[in-house]
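Here numbering that gives the first Met the number 0 is used: the first residue of the sequence shown is 0, the next is one more, and so on. Note sheet for the following structure.
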Amino acid sequence: MENPTLEKKKTLIEWIENLDDLEIIQQLLNLKNVHESSTLISDINSETIVKEDFDEQFAAGMTSDELLENIAAHIESIDSEEK
């Protein structure tokens, strides 16, 4: 059974390899850059939320057990992001 996404990617790659229109190539690059920028902004926003949440908890006063739980949860989230 073939992966339909993989087949579509192969079709696009083949089309791009044979493409000679610089305007269309530039539009594709612009689309790629917009996608990368939105992903970067999303990553920055999620990191900010985690930092603000930690700062609020710390200011409210955390027990050592809560601190250890938060550290463990943060390490697990880093591990899951890397996979």
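Ideal Cβ placement from N, Cα and C applies to all residues, glycine included.
Beta-carbon gap between residue i and residue j smaller than 8 Å
i: ILE24; j: LEU30; result: no
i: ILE15; j: LEU27; result: yes
Short CB-CB distance (under 8 Å) between residue i and chain C
i: LEU66; result: Of the protein chains in this structure there is only one, and it is not chain C.
Proximal residues to residue i (C-beta, below 6 Å), its chain only, five neighbours per side dropped
i: SER63; result: none
Chain-order list of residues whose beta-carbon lies under 7 Å from that of residue i (same chain, five-residue window excluded)
i: PRO3; result: none
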